[in-house]
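Data first, discussion second: the structure below is written as structure tokens.
Chains as they are written, first to last, in my numbering: chain A, -11 to 252; chain B, -11 to 252.
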């Protein structure tokens, strides 16, 4: 079992931020990544549709014989995790619980959450944070332009700064001390967001927290295999060209071979 | 035959700009609209994937017994029109030829074309314009942020103005006298674009030109039926909530009943 790969999926390139943190923390593990680029994005789609896509993506990875499923997409983690855990007989880690756990360390208990429409509408971050810190005040804001801004390579462009000012203004007014980056694309906008919020606001990067959660789970369950060879395999559901190009900005590295597959 | 409906499809809400112009020019015709909202957008996806989606969307409308197929999506028109015409035994109108015909009236023969990555990469607008005006100079620019800006309701927001300045600068420098709005979302940004380009640049709205092309075709082929009753029917492939909300801004009106269907 421990010799198997870790399966990671996202709607597209965003989950590469999670992939990168896992690869960095557990360099010897073999990783298989699936980006559902033929149907990206998930963040503007309904619960039913996202659940269907997530089950199909997970099934593909399970068929590859992975030992762990990482849902590297906030929207899919928000709406599909219970169904994935019910359907498949292997551990499933999403990005929301690890992010919420870290956010619950807020000192003033005023926490901002930003994400796609799907993630914010699901209310999963407030639920997960309140389970750990019942009197926390949560201020949520959907930021639909951040994904296209990151994919355009404009994460630090004036346009991104102006959009961020508009989206974050209510959170600034609310005097949050912690901001959850509730979408795997958002770590690319980290500098832009920090400039607007100032250094006193702690930014929670779900990608980092999720990688730590994977490490903890492996230690608990004896699943780690630091000597696997560190192979990285990428699958996408559309032609790989755009994924390879945009993915380089996410990994700050070339991806190597990316194979197109059909799922669903 | 002439008693049948007109079938119109797009990847999502964008094609409603085309729908609106057809409904306004031919108010008595029955219209059936399909938005492939479970797989939107098409503009960032590959030729193969967009062709597959367009064939599936068209098949759904053909099964409804329509007399004409309008491809109200620039990306699908750019890459899938020949396959659609080959597959189905009914007239098919896309949005590119009508827009190109109008653009070819440029006086200084310096024409800008803006659209999604898929539309610009296809090179279909330059090809169609050059067929009519061989010595035209075409300046193309993909504007990936315009679709999310329009869907966010930010078409006239400062963020849209700043993004438009960035995208249009090379076209301003090139001294174009005509700009093709090569994406069905872009008419919503018309005021913003006109402010940057000035009143001397003529904006070609594919939606208006396509509606005129439908009217011409009906006159030529005796397909018009001005007394059909003007029924409007909407289908989408994801849950209708978001389509209804965003669609109101496109139609400046409520849509009435929207039904979810599965295609493909």
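Think of the CB as a built atom: it goes at the ideal place given N, C-alpha and C, for glycine as much as any other residue. None of these values were measured; they are calculated from a predicted model.
Judged by beta-carbon spacing, residue 58 of chain A lies within the 8 Å limit of residue -4 of chain A, meaning their Cβ atoms are closer than that value. Within the region 226 to 250 of chain B, contact with chain A at the beta-carbon level (separation under 8 Å) is assigned to 226, 227, 229, 230.
For the pair residue 121 of chain B and residue 54 of chain B, the Cα-to-Cα distance works out to about 34 Å. Your pair residue 100 of chain B and residue 127 of chain B checks out as a contact, with CB atoms roughly 5 Å apart and the cut at 8 Å. Put simply, of A:60, A:210, A:129 the residue whose alpha carbon is nearest the alpha carbon of residue 1 of chain A is A:60. Residue 140 of chain B reaches chain A at 132, 133, counting residues in chain order whose Cβ is nearer than 8 Å. With fewer than 16 neighbouring CB atoms inside 10 Å of its own CB, residue 36 of chain A falls in the exposed class. DSSP places residue 95 of chain A outside both helix and strand once states are collapsed to three, so it counts as coil.
Neighbourhood of residue 147 of chain B in chain A, by CB distance below 8 Å: 133, 147, 150, 151, 154, in chain order. A residue is called buried when at least 16 other Cβ atoms come within 10 angstroms of its Cβ; residue 93 of chain B does not meet this threshold and is exposed.
Within a 10 Å sphere around the beta-carbon of residue 193 of chain A sit 16 or more other beta-carbons, which makes this residue buried. Residue 95 of chain B counts as exposed, since fewer than 16 other beta carbons sit within 10 angstroms of its beta carbon.
Per DSSP, reduced to three states, the secondary structure at residue 41 of chain B is helical.
Residue pairing by DSSP puts residue 129 of chain A in a beta bridge opposite A:102.
Within the same chain, and ignoring the five residues on either side of residue 201 of chain B in sequence, the residues whose Cβ sits closer than 6 Å to its Cβ are 81, 86. Judged by beta-carbon spacing, residue 181 of chain B lies within the 8 Å limit of residue 167 of chain B, meaning their Cβ atoms are closer than that value. By the neighbour-count criterion, in which 16 or more other beta carbons inside 10 Å mark a residue as buried, residue 249 of chain A falls on the exposed side. Taking the CA atoms as reference points, residue 228 of chain A sits about 26 Å from residue 198 of chain A. Minimum Cα-Cα distance from residue 25 of chain B among the listed residues A:52, A:31, A:-11 corresponds to A:31. Among the residues facing chain B, residue 15 of chain A is not included, as its CB has no counterpart in that chain under 8 Å away.
In this structure, the beta-carbon distance from residue 48 of chain B to residue 22 of chain B falls below 8 Å.
With a beta-carbon spacing of about 6 Å, residue 72 of chain A and residue 42 of chain A fall inside the 8 Å limit used to define contacts. Using a CB distance cut-off of 8 Å, residue 144 of chain B does not count as an interface residue toward chain A.
Using a CB distance cut-off of 8 Å, residue 201 of chain B does not count as an interface residue toward chain A. Residue 81 of chain B is bridged by DSSP to B:58.
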